[in-house]
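Respectively, the protein sequence lines represent chains A and B. Each residue of the first sequence is one higher than the last, beginning at 1 in this note's numbering. Each residue of the second sequence is one higher than the last, beginning at 115 in this note's numbering. The beta carbon of each residue, even a glycine, is placed where N, CA and C say it ideally should be. First up is the structure itself, then whatever we jot down about it.
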Amino acid sequence: AQSVTQLGSHVSVSEGALVLLRCNYSSSVPPYLFWYVQYPNQGLQLLLKYTSAATLVKGINGFEAEFKKSETSFHLTKPSAHMSDAAEYFCAVTDYQRGGKLIFGQGTELSVKP
Amino acid sequence: EAGVTQSPTHLIKTRGQQATLRCSPISGHTSVYWYQQALGLGLQFLLWYDEGEERNRGNFPPRFSGRQFPNYSSELNVNALELEDSALYLCASRGLGTDQPQHFGDGTRLSIL
């Protein structure tokens, strides 16, 4: 069975500081991995995806993530945090053997201090 | 390109009633997924529809059901509503191929009084 674990339910950074949100996955098959962001009272917006191409994936809003098979990790980073990055972030893996449903991590709430 | 649209935005019901939530996928997408986001429980997979058929369902009781119409829009029905059904219900659609990302609507907030 596939699963995703996000380390840290809440992360706080200062504006301009590095953002690092951690995600580890468990999968018996090569995974398809995604990061989504959720702003208050909204749905999920796709930030980036990994589907077995380049291991360093660039997404929207300056975010990127690196797939590391040896560490079963897919951490999300952004060099310089902006106030508008404050939101909840979800890492997800596709259970493509069962039609592609997404299995989500618990989510990490990012706060950005001025 | 229009995104995934869901209606209504908010729905208030009482225990025992029935609720119907609607979803229109992105044009060209045939797969529709439903997820429940309940406080403290995270995002849980509910149902998957593709080409008009229910293809998979999550660990939810049978009173959660739905359908997909010939135009690929979808409906989620929840019967005999219980207090714990209060949640944000998210619909997502996907293009062809399970490596394609799912695109989400803004959800329907269902409140049970």
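Neighbours of Asp220 (chain B) in chain A, taken as residues whose beta carbon is under 9 Å from its own, are Asn41, Gln42 and Gly43 in chain order. Contact note: Pro215 (chain B) reaches chain A through Phe34, Leu46 and Lys49, using a C-beta cutoff of 7 Å and chain order. As DSSP reads the structure, Thr222 (chain B) sits in a beta bridge with B:Tyr203. Note: Tyr147 (chain B) is bridge-paired with B:Trp162 and B:Ala206 in the DSSP secondary-structure output. Interface annotation for the stretch 86-104 of chain A against chain B: Phe90, Thr94, Tyr96, Arg98, Gly99, Gly100, Lys101, Leu102 and Phe104, criterion Cβ-Cβ distance under 7 Å. Burial is judged here by how many other beta carbons sit within 10 angstroms of a residue's own beta carbon; Val29 (chain A) has fewer than 16 and is exposed. With a contact defined as Cβ atoms closer than 8 Å, Trp35 (chain A) and Leu18 (chain A) miss out at about 16 Å. Residue range Glu167 to Arg171 is occupied by the beta strand (DSSP E) that includes Arg169 (chain B).
For the options A:Val93, A:Gln97 and A:Gln42, the alpha carbon positioned closest to that of Gln6 (chain A) is the one of A:Val93. Of B:Ile126, B:Thr134, B:Arg129 and B:Ser138, the smallest CA-CA separation from Gly219 (chain B) is found for B:Ser138. Using a CB distance cut-off of 7 Å, Gln106 (chain A) counts as an interface residue toward chain B.
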